[in-house]
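Colleague: This structure is in structure tokens; I'll ask about it shortly.
Residue numbers (full-length UniProt numbering): 1 to 183.
Structure below.
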């Protein structure tokens, strides 16, 4: 009976350790991923609100633009959102926006336009609230990240696509529909 109790105790201890490891890994993942997930969600919400605003105003150009932006953000998912690092420029704290090795530079410009939608003098349907937003500056550093399969070829840097064909970087299935991103 005592031996059986010891075996159960060891199994429970192993389960507890495994649970703590999973909890620790989940915590680490939450520390690294949330900003990217938050960017993705916020950008998708901005595009949706702006699309609804354009639809209600019968603004054809706005509907075309924000439909396109919403499709782009949705296709990129969280994997296509850039990372940021805290830094200082002069005396001002700023966020350095890092590039992604596979992502076309025009995507950065498009995402900047989406982010700036809520920060200008004309906020449109948005209300200024919360603390002051830290200024973001594009940084030349590039983060290496494997792209999600199925992304349109126009979302890739041409040199990254060439490296995939040459086997320099791991190949992923590239989407068939090509959306010209730099319109």
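Beta carbons are placed, not taken as given, at the ideal position from N, Cα and C, and that holds for glycine.
Please read all numbers here as calculations on a predicted model, not as lab measurements.
1. Nearest to residue 71 by CA position, among 82, 95, 111, is which residue?
2. What's the gap between the Cα of residue 35 and the Cα of residue 153?
3. Which residue comes first and which comes last in the alpha helix (DSSP H) that contains residue 114?
4. Just reading off the alpha helix (DSSP H) that residue 77 is part of, what are its end residues?
5. For the region 57-72 against the region 89-106, do three or more pairs of beta-carbon atoms, one drawn from each stretch, fall closer than 8 Å, so that the two count as touching?
6. Under the three-state reduction of DSSP, which class applies to residue 154: helix, strand or coil?
7. Where do the ends of the alpha helix (DSSP H) carrying residue 34 lie?
8. Given a threshold of 16 other Cβ atoms within 10 Å of its Cβ, counted over all protein chains shown, does residue 57 qualify as buried or as exposed?
9. Under the assumption that residue 173 contacts residue 150 (Cβ atoms under 8 Å), give the Cβ distance between them as a whole number of angstroms.
Modeller: Once the coordinates are examined:
1. Taking the first residue of the chain shown as position 1, residue 71 is located at position 71. With distances taken between Cα atoms, residue 71 lies closest to 111.
2. Here residue 35 is taken as the residue at index 35 of the chain shown, counted from 1. Here residue 153 is taken as the residue at index 153 of the chain shown, counted from 1. The alpha-carbon atoms of residue 35 and residue 153 are separated by roughly 26 Å.
3. Start at 1 with the first residue of the chain shown, and residue 114 comes out as number 114. Counting along the chain, the alpha helix (DSSP H) containing residue 114 begins and ends at 105-116.
4. Sequence index remark: in the chain shown, residue 77 carries index 77 (1-based). Secondary structure note for residue 77: it is in no alpha helix (DSSP H), with a DSSP letter that is neither H nor E.
5. Taking one beta carbon from each stretch, the region 57-72 and the region 89-106 have fewer than 3 pairs nearer than 8 Å; the two do not touch.
6. Sequence index remark: in the chain shown, residue 154 carries index 154 (1-based). Three-state DSSP puts residue 154 in a helix.
7. Along the chain shown, one-based indexing puts residue 34 at 34. That run of the alpha helix (DSSP H) goes 34-56.
8. Numbered from its first residue, the chain shown carries residue 57 at position 57. It is exposed - the Cβ of residue 57 has fewer than 16 other Cβ atoms within 10 Å.
9. Within the chain shown, residue 173 is the residue found at index 173, counting from 1. Within the chain shown, residue 150 is the residue found at index 150, counting from 1. At roughly 6 Å, the Cβ-Cβ gap stays under 8 Å, so residue 173 and residue 150 are in contact.
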